[in-house]
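Residue numbers (the working numbering): 496 to 800.
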């Protein structure tokens, strides 16, 4: 029987860490992983959307995962997102991740071409077969991938005994209920949208994976603990505060992750670099949003934590 305890908790989506020339920085990657460990999170979701995986090559992603595992492997739950837009590269990353000893691999469906569900299932199962000793997590993010995890496709994937969870980033929280009911008690369902973590936990999510957790882990850890204690009335205002901060992070000319990295540097001194084109880096006029978000985070931590 599978123990999903290692998936219960706050699991930040890991940010890509670049040097001043835009290449993967091993030093900065390790420093950020250690910072997350010290923050008290449950685990890390590496090389997903927040890790800018769509704009990285296979070697970039291997180097990032190697650095993370070197820094915190065995100390945190590590889920490696391995999907590329072709099966061969995805399989290579899956084999590499298993060799490093990650807890699970994850994958979005193939994007661009609208494939039939049998092709999506084969893609996921081929990836999973390349890591036969490792849990597989389906990443459902229809608003970006262009295809949703339907119940027939989900039931087909459950025939694979390595399928251990769903990272559900669709907006209806009812999807969490449906996947949990079908998957069973020993199947992990993760809340994806950061703006609805309270609702996701209330309806049955086991853990939470989010792209803004890293910039304010204290607040999301507090939300998780309150919800697990059934104190939803206390968790709700923290959710509102986080949502206001997320809105501020999205208000600049630069991409949200560029502003997040600027806020991290302002608050902690850690330099994670910029973002990789075609994502937009910050502009000088974004500084007002960076400072506002940093102040909002500090004030919320002081008030609620």
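Heads up, the beta-carbon is just placed ideally off N, CA and C, and yes, glycines get one too.
| message | My output table needs one value for residue 588: the three-state DSSP class, helix, strand or coil. | response | Here residue 588 is taken as the residue at index 93 of the chain shown, counted from 1. Residue 588: helix per DSSP, three-state reduction.
| message | Please classify residue 537 as buried or exposed, where buried requires at least 16 neighbouring CB atoms within 10 angstroms. | response | Start at 1 with the first residue of the chain shown, and residue 537 comes out as number 42. Buried, since its Cβ has 16 or more Cβ neighbours within 10 Å.
| field | Residues that DSSP places opposite residue 506 in a beta bridge | value | Within the chain shown, residue 506 is the residue found at index 11, counting from 1. Answer is 704.
| task | Closer than 6 angstroms by C-beta to residue 694: which residues in its own chain qualify, once you throw out the five before and the five after it? Chain order, please. | result | The residue you call residue 694 lines up with position 199 of the chain shown. Hits under 6 angstroms: 668.
| request: Along the beta strand (DSSP E) that carries residue 572, what are the first and last residues, could you check? | output: For the purposes of this step, residue 572 is taken as the residue at position 77 of the chain shown. Residues 572-576.
| query | So, helix, strand or coil for residue 738, using DSSP? | reply | Your numbering for residue 738 matches position 243 in the chain shown. Residue 738: helix per DSSP, three-state reduction.
| message | Beta-carbon within less than 7 angstroms of residue 649's beta-carbon, same chain only, minus the 5 sequence neighbours each way: which residues are those? | response | For the purposes of this step, residue 649 is identified with residue 154 of the chain shown, where counting begins at 1. Taken in chain order, the residues that qualify are 674, 677.
| field | Residues near residue 454 in its chain [Cβ-Cβ closer than 7 angstroms; skip 5 each side] | value | Because the chain here runs from 496 to 800, residue 454 falls outside it and cannot be looked at.
| message | Which residue marks the beginning of the beta strand (DSSP E) containing residue 634, and which one marks its end? | response | Here the question's residue 634 lines up with position 139 in the chain shown. DSSP places residue 634 inside the beta strand (DSSP E), whose first and last residues are 630-635.
| message | Taking the beta carbon of residue 608 as the centre, do at least 16 other beta carbons fall within 10 Å, making it buried, or is it exposed? | response | The residue given as residue 608 occupies position 113 in the chain shown. By the 10 Å Cβ count, residue 608 comes out exposed.
| task | Evaluate the contact criterion for the segment 715-728 versus the segment 769-787: three or more CB pairs, one atom per stretch, below 8 angstroms. | result | no
| query | Using the C-alpha atoms, what's the distance from residue 573 back to residue 601? | reply | Here the question's residue 601 lines up with position 106 in the chain shown. Here the question's residue 573 lines up with position 78 in the chain shown. If you take the alpha carbons of residue 601 and residue 573, they lie about 11 angstroms apart.
| request: Taking the CB atoms as reference points, tell me whether residue 729 and residue 787 lie closer together than 8 angstroms. | output: Counted from its first residue, the chain shown places residue 729 at position 234. Counted from its first residue, the chain shown places residue 787 at position 292. It is not a contact, given that the beta carbons lie outside the stated cut-off.
| Of all the options 557, 555, 595, 532, which has the alpha carbon lying nearest to the alpha carbon of residue 567? | As a position in the chain shown, residue 567 is number 72, starting the count at 1. Selected option, being the one with the closest Cα: 532.
| message | Quick check on the DSSP output: what are the complete beta strand (DSSP E) runs of length 3 or more inside the segment 517-555, in order along the chain? | response | 538-541
| query | Anyone know if the C-beta pair for residue 715 and residue 737 falls short of 8 angstroms? | reply | Numbered from 1 along the chain shown, position 220 holds the residue referred to as residue 715. Numbered from 1 along the chain shown, position 242 holds the residue referred to as residue 737. Yes, Cβ-Cβ distance for residue 715 and residue 737 is below 8 angstroms.
| request: Please go through the segment 679-734 and give each complete beta strand (DSSP E) segment of 3 or more residues, from N-terminal end onward. | output: 683-686, 702-705
| said: Taking only three categories from DSSP, how would you classify residue 500? | reply: Counting from one through the chain shown, the residue named residue 500 turns up at place 5. Residue state, collapsed to three classes: helix.
| task | Could you tell me whether the Cβ atoms of residue 661 and residue 684 are closer together than 8 angstroms? | result | The residue given as residue 661 occupies position 166 in the chain shown. The residue given as residue 684 occupies position 189 in the chain shown. Against a cut-off of 8 angstroms, the Cβ pair of residue 684 and residue 661 comes out as a contact.
| said: Residues in the same chain with beta-carbon distance under 7 angstroms from residue 704, minus the five sequence neighbours each way, listed in chain order, please. | reply: Position 209 of the chain shown holds residue 704. The residues are 506, 508, 540, 662, 685, 687.
| field | Local conformation of residue 756 per DSSP, three classes | value | Within the chain shown, numbered from 1, the residue matching residue 756 stands at position 261. The answer is helix: DSSP assigns residue 756 an H, G or I state.
| Those residues which DSSP pairs with residue 601 across a bridge | Walking along the chain shown from the start, residue 601 turns up at place 106. Residue pairing of residue 601 in beta bridges, as defined by DSSP: 576, 632.
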